[in-house]
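Below is one structure, written out as structure tokens; comments come after it.
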Amino acid sequence: MTPAAAVTVHRWNRASIVTMTALGLLVLVLAFGPAIFGATLTDRMTTLFAYVILAAMWNALAGYAGLVSVGQQAFFGLGAYAAVKLSHGGVEVYLALVLAPLIVGVLSLPLSSFALRLRGGEFAIGMWVFAELMHLLVNLDGLVQGETGTSLIALSSFGPDARRAFNYWVALAVMLALVAAVFFLLRSRTGAAIQAIRDSEEAAASIGVRVMATKRLIFVLAATGCAAAGAITLSTLTTFQPKTYFSVQWTAYMIFMTLVGGLGTFEGPIVGAVIFFIVETVFGAQGVWYLIGLGAAALLFSLFLPRGIWGVLTDRFGIALLPVGYRLRFADATKRTES
Amino acid sequence: MWFDQILQGVLLGGYYALLACGLSFMFGVMRIVNLAHGSIAVLSAFVVLSIAEAFHISPFLALVVALPIMAAAGWLLQVTILERSLRSGSLTPLLSTFGLAVVLDNAMFQKFGANTHSLDIGDLAFASWNVTPDIAIGQLALLTFVVAVALLGGLQLFLSRTPLGRAIRATSEDPDTAELVGIDSRRAYAAAAAIAIATVAIAGTFLAMRATFDPYTGPTQLIFAFEAVVIGGTGSLWGTLIGGIALGVAQNIGSQISPQGFLIAGHAVFFVVLAARFFIAGRDPRTLIRALRRAPA
Amino acid sequence: MSLLDVAALDARYGLLQAVRGVTLALGEGEILALVGANGAGKTTLLRSIAGAHRITSGTIAFDGVDVTAMPANRRVAMGIALVPEGRRLFGGMTVEENLKVAGRVRRPGRWNVDAVLDAFPVLRDNYKRRSGDLSGGQQQATAIGRALMTNPRVLLLDEVSLGLSPVAVGMVYESLQTVIASGATIVLVEQDLGRALRIATHVACMLEGNIVLEGRASELTREAVTQAYFGLRRADGGRAS
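Top line first, the protein sequences correspond to chains A, B and C.
Here the first sequence is numbered in numbering that gives the first Met the number 0, starting from 0 and rising by one per residue.
Here the second sequence is numbered in numbering that gives the first Met the number 0, starting from 0 and rising by one per residue.
Here the third sequence is numbered in numbering that gives the first Met the number 0, starting from 0 and rising by one per residue.
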């Protein structure tokens with residue numbers, strides 16, 4: 000028997016098929032959320048969806064493109080701002096909430112050719128300076144009136160229950176779309192390129208991976224996603240105060256969720272978002288100690304568990320619920336590698 | 000009027016250079032961008048403030064007491080956090096120092112509360128020399144500038160002339176080979192971190208003398224320091240002075256245009272310098288020189 | 000009693016078992032030429048002795064002290080100095096700084112800046128130049144001088160002629176004669192077999208991580224060494240493969 004014949008390539012295994020079916024059912028249940036959950040829980044779930052988006056986007060940047068950004072709040076804020084502007088300009092409010100992230104995504108394209116030339120720490124703080132600059136410029140808008148802010152008045156044309164349900168469905172749909180985008184990006188040819196870049200940029204370039212184009216794709220996706228999370232947050236808060244939206248705290252949350260869940264794994268950030276959501280619900284009232292805890296967790300995970308909780312689980316038990324990589328099954332079924 | 004703005008901008012740049020000194024040094028030696036830099040400056044300010052108040056001594060004397068404490072903290076920072084994070088790749092130090100900044104900011108808030116503080120330096124805060132009837136130079140601003148130049152120059156001399164400075168440079172170039180000529184590279188890095196954080200303590204003291212500060216002042220200071228470092232060219236200590244001055248001048252001129260112009264102009268100069276660097280780097284320098292020659296004299 | 004004792008040393012290089020159970024002893028004043036084909040494990044062995052390479056098992060004793068767990072910088076302080084393959088100078092520093100940075104942990108001995116400049120006259124003219132700007136031969140001279148500045152009791156030289164012009168190799172070896180004349184103990188890895196055998200008192204030949212032949216240079220024929228080099232003869236005189 001030749002070695003080639005002894006190996007078969009699998010993307011799906013029984014666990015991942017079961018998982019996908021379970022996920023499908025979960026989504027179906029979630030779709031009826033506003034009817035099942037009470038008012039408070041529906042609102043909280045909307046927030047959770049925004050967290051999942053933020054974590055997945057920051058992970059795509061740092062975990063797959065090797066870009067640590069401390070300035071993703073720029074897009075978060077711009078997404079909310081664009082939604083306010085569109086709605087103020089007469090666009091139907093929910094259409095505005097969906098269009099805003101797309102506009103921010105398009106605007107991030109020219110920025111990417113600049114930002115992606117920055118390296119390591121330069122990129123990290125450079126993006127932060129960009130966020131500060133955007134914050135200051137948005138403050139200059141007469142509609143926003145500096146830190147006074149404004150609100151998404153058009154939302155008040157809906158009753159509280161309808162608004163809550165719409166917010167929820169928009170957030171759920173946008174989250175599913177963005178997480179699916181990351182999923183299919185990682186499964187595509189580009190996905191293989193992305194993993195190659197993460198391992199070694201020079202090596203990836205030498206085997207013909209278009210490093211810049213791939214990084215740009217992720218940068219724009221992450222910008223769009225963070226803007227979407229900003230728009231979703233705006234829909235739940237209804238008020239737009241630049242200080243709240245352009246706060247570096249959002250990036251701190253993203254880093255916490257991704258590091259705790261598992262940097263560079265597909266499922267990790269989602270797990271991290273759920274953990275953050277629970278931690279916030281339980282300890283959020285502790286104020287400053289809660290924030291110290293978040294910072295300490297990020298610090299400790301980066302030092303001692305760089306692949307996060309999910310990374311530990313997959314390493315120990317060899318589970319992979321979602322078929323992002325390929326697995327080679329050897330005829331003797333003892334060795335397995337994943338790409 | 001404009002001359003005065005530029006002069007005050009240059010003096011302000013001295014403060015930024017002082018603030019950026021430790022960030023620049025740490026990046027130059029260890030290739031670490033310390034995202035907790037601003038928070039450590041504020042922490043130093045609180046340490047100096049606490050010492051000055053507890054013993055009823057002048058802030059300058061309190062700084063002398065605080066320096067070895069902060070140097071020890073820098074040593075500790077290196078051996079507990081930075082050394083480990085450097086081993087797991089170039090991105091990990093960003094994550095761990097960011098986490099540290101969040102911890103420090105909020106821990107200081109827990110300890111010292113939301114109130115703003117400042118160091119009492121008596122008349123020095125207001126005293127100035129009148130150069131002309133219209134132009135005055137603040138004594139504290141000038142002192143800050145002089146301290147910045149002395150510190151940057153001192154670090155430069157330290158690195159080039161002293162045995163420890165040479166050992167640090169050798170370790171920075173190639174830690175494995177440094178070991179082979181008898182240098183304990185871990186100790187060299189720890190010494191460098193101790194020096195860097197000691198300079199941050201000096202910067203933090205001047206921060207607290209020239210303005211009020213609170214537990215969440217750190218991130219803004221980090222951004223200013225980082226802008227000074229990048230504008231002046233990363234890894235060059237004298238460049239940091241130039242960068243600080245460019246930032247200070249831009250901010251002061253911007254503030255003349257609009258109230259928000261102070262910050263906007265500073266960030267704008269930062270991005271313009273970065274863009275110019277890419278523009279020049281993207282081109283063959285010879286073409287650029289030829290283009291300059293062709294330009295009418 | 001020997002100065003350097005290596006016993007049953009195993010070391011990996013990546014996935015490769017680069018050094019397999021090597022045992023060797025080096026006496027004071029001996030000059031051991033370590034020869035062998037590319038990939039035979041010579042460099043890994045040398046770096047393991049210097050503490051620059053983590054070994055998997057075995058012991059290294061120097062002057063009767065077990066240094067197996069000692070970091071490289073402390074072995075330097077005890078008197079082990081390696082001139083690494085590829086020279087590895089601090090390219091941004093001048094020749095002077097390269098020498099002085101090594102002299103920082105100087106043990107007592109005859110080597111200081113003046114002695115190094117006397118042994119390597121070429122360094123005198125380039126003393127204030129950035130070492131990264133020097134020619135290959137000048138860089139190699141700096142690298143050897145840098146190691147001498149620590150006043151080693153054993154000097155480990157890894158491929159000092161690699162990538163140098165014949166003239167530069169001649170210059171480096173001429174200066175090495177001065178070092179040898181000073182009574183130095185040396186382990187030398189050298190591709191140029193003839194040159195190695197001319198200055199060595201002892202020879203060890205490595206093949207696939209093992210020492211397959213060793214003895215006094217005067218007692219080994221060139222032919223025997225060449226055969227061992229290519230794996231045509233085993234030290235135990237056993238089968239040829």
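For each residue, glycine too, the CB sits at the ideal point set by N, CA and C.
So, under 8 Å CB-CB, residue 108 of chain B and residue 214 of chain B are touching, yes? Tell me the CB distance rounded to an integer number of Å.
4 Å
Could you tell me whether the Cβ atoms of residue 149 of chain C and residue 80 of chain C are closer together than 7 Å?
Yes, Cβ-Cβ distance for residue 149 of chain C and residue 80 of chain C is below 7 Å.
Is residue 287 of chain A helix, strand or coil when you go by DSSP?
helix
Measure from the alpha carbon of residue 100 of chain B to the alpha carbon of each residue in A:311, A:305, A:290, then state which is nearest.
A:290
With a CB to CB cut of under 6 Å and the five nearest residues on each side skipped, what residues in its chain are close to residue 189 of chain B?
74, 77, 78
In the DSSP assignment, find the beta strand (DSSP E) that holds residue 168 of chain A and state where it starts and stops.
Taken as a continuous stretch (DSSP letters only), residue 168 of chain A belongs to no beta strand (DSSP E), being part of the alpha helix (DSSP H) at 159-186.
Specify, as a first and last residue, the run of the beta strand (DSSP E) that residue 74 of chain C falls within.
Per DSSP, residue 74 of chain C belongs to no beta strand (DSSP E); it is in the alpha helix (DSSP H), 71-77.
Could you list which residues in chain B have their beta carbon closer than 7 Å to that of residue 121 of chain A, in chain order?
229
Out of B:115, B:5, B:59, B:153, state which residue places its alpha-carbon closest to the alpha-carbon of residue 121 of chain B.
Out of B:115, B:5, B:59, B:153, B:59 has the C-alpha closest to the C-alpha of residue 121 of chain B.
Under the three-state DSSP convention, the category residue 215 of chain A falls into
Three-state DSSP puts residue 215 of chain A in a helix.
Let me know the alpha helix (DSSP H) ranges lying completely inside the stretch 128-192 of chain B, each 4 residues or longer, listed in chain order.
138-160, 162-172, 174-179
How about residue 2 of chain C and residue 200 of chain C: are their beta carbons less than 7 Å apart?
no
Distance between residue 114 of chain A and residue 61 of chain A (C-alpha atoms, nearest Å):
14 Å
Element boundaries [beta strand (DSSP E), containing residue 186 of chain C]:
Note, residue 186 of chain C: beta strand (DSSP E), 185-188.
From what residue to what residue does the alpha helix (DSSP H) around residue 80 of chain A run?
72-87
Any idea what DSSP makes of residue 68 of chain C, helix, strand or coil?
coil
Does DSSP classify residue 115 of chain A as helix, strand or coil?
coil
If we define contact as Cβ-Cβ less than 7 Å, is residue 47 of chain A a contact residue for chain B?
False, the Cβ-Cβ gap to chain B never drops below 7 Å.
Identify the contact partners of residue 181 of chain B in chain C, using a Cβ-Cβ distance below 7 Å as the criterion.
72, 75, 76, 101, 103, 104, 149
Pull up the distance between the alpha-carbon of residue 166 of chain B and that of residue 130 of chain C, whole angstroms please.
16 Å
Residues within the stretch 17-33 of chain B neighbouring chain A, beta-carbon criterion of under 9 Å
26, 30, 31, 32, 33
For chain B, check one thing: does any of its Cβ atoms lie closer than 7 Å to the Cβ of residue 87 of chain C?
yes
Could you compute how far the alpha carbon of residue 101 of chain C sits from the alpha carbon of residue 229 of chain C?
38 Å
Fully enclosed by the stretch 35-99 of chain B, which alpha helix (DSSP H) runs are 4 residues long or longer?
Note on the stretch 35-99 of chain B: whole alpha helix (DSSP H) runs with a minimum of 4 residues are 36-54, 58-76, 82-86, in chain order.
Return helix, strand or coil for residue 211 of chain C, following the three-state DSSP convention.
strand
Would you say residue 104 of chain B and residue 38 of chain B are within 7 Å of each other, going by their C-beta atoms?
yes
Against chain B, with Cβ distances strictly below 7 Å, would residue 64 of chain A count as a contact?
no
What does the alpha-carbon distance come out to for the pair residue 42 of chain A and residue 98 of chain A?
22 Å
With contact counted as at least three CB pairs below 8 Å, one residue from each stretch, are the stretch 234-254 of chain B and the stretch 56-72 of chain B in contact?
no
Out of A:159, A:184, A:139, point me to the one whose CA is closest to residue 343 of chain A's CA.
Residue 343 of chain A lies beyond the residue range present for chain A, which begins at 0 and ends at 338; the question has no answer from this structure.
Is the beta carbon of residue 51 of chain C sitting closer than 7 Å to the one on residue 71 of chain C?
yes
Rounded straight-line distance, which links the Cα of residue 49 of chain B to that of residue 57 of chain B
11 Å
Spatial neighbours of residue 26 of chain C in its chain, beta-carbon cut-off 7 Å, leaving aside the 5 residues before and after:
1, 2
Does residue 176 of chain B get closer than 7 Å to chain C when you measure Cβ to Cβ?
Interface with chain C (7 Å Cβ-Cβ cutoff): residue 176 of chain B is included.
Closest by C-alpha distance to residue 62 of chain B, when choosing among B:119, B:200, B:113
Residue B:200 is the option with its Cα nearest to residue 62 of chain B.
So is residue 236 of chain C buried or exposed if we call it buried at 16+ other beta carbons inside 10 Å?
Its pLDDT being 43, under 50, residue 236 of chain C is placed unreliably by the model, and the measurement read from it follows with that caveat. Counting Cβ neighbours within 10 Å, residue 236 of chain C comes out exposed, since fewer than 16 surround it.
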